[in-house]
Amino acid sequence: FRFKDSLAEDLRSADLVISHAGAGSCLETLEKGKPLIVVINDKLMNNHQLELARQLHRDGYVLCCNCSTLVETLQLMDLSTLKPFPPGQPEKFALFLDKVVGFQ
Amino acid sequence: AGGHTTEILRLLSCLSESYSPRHYVFADSDKMSEAKIRSFEQKRAETFPKSQFTLHRIPRSREVRQSWISSVVTTLYSILYSLPLTNKLKPDLILCNGPGTCVPVCISALLLGLLGIKRSIIVYVESICRVETLSLSGKILYYFSDYFIVQWPHLKEKYPKSVYLGRIV
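So the sequence lines, in the order shown, correspond to chains R and X.
Mapping the first sequence onto UniProt numbering, position 69 (from 1) lands on 69, and the numbers just tick up by one.
Mapping the second sequence onto UniProt numbering, position 60 (from 1) lands on 60, and the numbers just tick up by one.
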């Protein structure tokens with residue numbers, strides 16, 4: 001498909017997600033608690049997109065590979081090693097902002 | 001645009017109704033943000049029926065990988081365009097999170113502040129995608145914002161004047 005308004009339905013029914021390193025895709029998948037393999041595009045080496053994928057991988061939330069190692073990764077993967085992804089906390093931002101503007 | 005809009009709406013999700021009216025400013029080339037914003041505000045109106053918001057489109061300051069020289073010209077044009085808008089809205093608080101669109105708005109606000117017309121508090125939240133480096137908007141607004149928030153500890157070390165609250169989206 002080209003562009004769907006939301007991948008939420010597809011994500012809900014998936015057992016495994018293989019995605020590019022786009023932040024939206026990664027975060028949406030992790031928040032739904034689905035195991036994620038991030039495929040890094042070697043041709044976009046200096047793309048800042050990689051920063052998040054790298055960090056998520058370092059922290060143990062996702063598996064990473066590139067196009068040529070995808071098959072191998074799928075064959076050897078152990079999804080139980082992936083850690084659950086804790087949600088972000090916008091309430092902390094609200095508290096901070098309240099202090100900044102003087103609503104207490 | 002896209003990811004930025006999703007992030008900023010998350011940032012807004014826990015704000016009290018004192019943060020009203022909300023004026024959303026985004027690029028004229030952005031086709032998807034309006035729908036996301038309306039959906040967010042519609043949901044919000046279920047809890048806070050008196051919710052008020054407006055939408056404004058401004059010319060996009062810079063395309064991805066646009067050259068430096070032409071970026072300066074298009075950004076100047078965007079600033080000239082946003083100055084009357086910022087002057088009309090006279091926001092108490094400007095919240096932005098990184099698209100090039102926010103730079104002209106913040107610069108307009110800074111100018112209005114310098115001219116003694118309106119002093120807005122500028123709060124910049126760098127995108128969650130930025131773990132090791134700042135975006136171009138971030139690099140500029142690090143010096144011009146009142147509060148600069150980063151979401152990863154590495155950036156807090158690199159940019160000591162920033163605020164680190166952990167992941168907030």
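Ideal placement from N, C-alpha and C gives every residue a C-beta, glycine not left out.
Since the structure is predicted, the reported quantities are computational estimates derived from the model, not experimental observations.
Residue i: first and last residue of the uninterrupted alpha helix (DSSP H) it sits in
{"i": "Y143 of chain X", "result": "L136 to F144"}
{"i": "C96 of chain X", "result": "Note, C96 of chain X: premise wrong, no alpha helix (DSSP H); beta strand (DSSP E) at L93 to C96."}
{"i": "L115 of chain X", "result": "Segment: none, L115 of chain X is in no alpha helix (DSSP H) and carries neither H nor E."}
{"i": "S19 of chain R", "result": "Segment V17 to S19 is the beta strand (DSSP E) holding S19 of chain R; no alpha helix (DSSP H) there."}
{"i": "A96 of chain R", "result": "Note that residue 96 of chain R is Phe in the sequence shown here, rather than Ala. P90 to V101 is the extent of the alpha helix (DSSP H) around F96 of chain R."}
{"i": "A8 of chain R", "result": "A8 to S13"}
{"i": "K90 of chain X", "result": "Element bounds for K90 of chain X: n/a, residue is neither H nor E."}
{"i": "K156 of chain X", "result": "P153 to K158"}
Inter-residue CB distance, residue i and residue j (contact presumed, cutoff 8 angstroms)
{"i": "P59 of chain X", "j": "S78 of chain X", "result": "5 angstroms"}
{"i": "G98 of chain X", "j": "S137 of chain X", "result": "5 angstroms"}
{"i": "T101 of chain X", "j": "F53 of chain X", "result": "Not confirmed; about 17 angstroms, so no contact."}
{"i": "R10 of chain X", "j": "V123 of chain X", "result": "No, R10 of chain X and V123 of chain X are not in contact; Cβ-Cβ is about 15 angstroms, not under 8 angstroms."}
{"i": "L112 of chain X", "j": "K118 of chain X", "result": "5 angstroms"}
{"i": "C129 of chain X", "j": "E51 of chain R", "result": "7 angstroms"}
{"i": "V103 of chain X", "j": "L141 of chain X", "result": "7 angstroms"}
{"i": "R62 of chain X", "j": "T47 of chain X", "result": "Contact flag wrong, Cβ pair sits at about 37 angstroms."}
{"i": "residue 126 of chain R", "j": "S18 of chain X", "result": "The displayed coordinates of chain R run from 1 to 104. Any statement about residue 126 of chain R would go beyond what the structure contains."}
Amino acids of chain X, ordered along the chain, whose beta-carbon sits closer than 8 angstroms to that of residue i
{"i": "H48 of chain R", "result": "C129, R130, T133 and S135"}
{"i": "E9 of chain R", "result": "Result: empty, since nearest Cβ-Cβ is about 16 angstroms, beyond 8 angstroms."}
{"i": "L82 of chain R", "result": "Within chain X, no residue comes near L82 of chain R; the closest Cβ sits about 18 angstroms away, beyond 8 angstroms."}
{"i": "L36 of chain R", "result": "Neighbours of L36 of chain R on chain X: none; closest Cβ ~15 angstroms, over 8 angstroms."}
Per-residue contacts from residue i into chain X (C-beta, under 7 angstroms)
{"i": "P90 of chain R", "result": "R10, L11, S13, C14, I168 and V169"}
{"i": "E31 of chain R", "result": "Residues of chain X passing the Cβ test: none, with the nearest at roughly 10 angstroms."}
Partner residues on chain R for residue i, Cβ-Cβ distance less than 7 angstroms
{"i": "T6 of chain X", "result": "G24"}
{"i": "G3 of chain X", "result": "A23 and G24"}
For residue i, the first and last residue of its enclosing beta strand (DSSP E)
{"i": "C14 of chain X", "result": "It is not in any beta strand (DSSP E) - C14 of chain X carries neither H nor E in the DSSP assignment."}
{"i": "V169 of chain X", "result": "Counting along the chain, V169 of chain X falls outside any beta strand (DSSP E), and DSSP gives it neither H nor E."}
{"i": "residue 206 of chain X", "result": "With chain X represented from 1 up to 169, any question about residue 206 of chain X goes unanswered, as that position is not in the structure."}
{"i": "V123 of chain X", "result": "I121 to V125"}
{"i": "L79 of chain R", "result": "Neither: L79 of chain R is in no beta strand (DSSP E) and is coded neither H nor E."}
{"i": "L63 of chain R", "result": "L63 to N66"}
Partners in chain R for residue i, counting only beta-carbon separations shorter than 8 angstroms
{"i": "V123 of chain X", "result": "L97 and V100"}
Chain X residues whose Cβ lies nearer than 9 angstroms to that of residue i
{"i": "Q55 of chain R", "result": "V131, E132, W152 and H154"}
{"i": "E72 of chain R", "result": "The contacting residues do not exist; E72 of chain R stays about 26 angstroms from chain X at best."}
Where residue i meets chain R, residues with beta-carbon distance less than 9 angstroms
{"i": "L165 of chain X", "result": "Q89, K92, F93, L95 and F96"}
{"i": "Y147 of chain X", "result": "F96, L97 and V100"}
Check: residue i C-beta below 7 angstroms from any heavy atom of the ligand ADP
{"i": "Y77 of chain X", "result": "No copy of the ligand ADP appears in this structure; indeed no ligand is present at all."}
field: Those runs of the beta strand (DSSP E) which lie wholly inside the region 28 to 56 of chain R and span at least 3 residues
entry: 36 to 40
field: 4-residue-minimum alpha helix (DSSP H) runs that sit fully inside the region 26 to 77 of chain X, ordered along the chain
entry: 33 to 47
task: With 9 angstroms as the limit, tell me which residues of the region 76 to 103 of chain X have their beta carbon closer than that to any beta carbon of chain R; keep them in chain order.
output: D92, L93 and L95
field: Contact set between the region 16 to 37 of chain X and chain R, restricted to residues whose Cβ is under 9 angstroms from the partner
entry: S16, S18, Y19, M32 and A35
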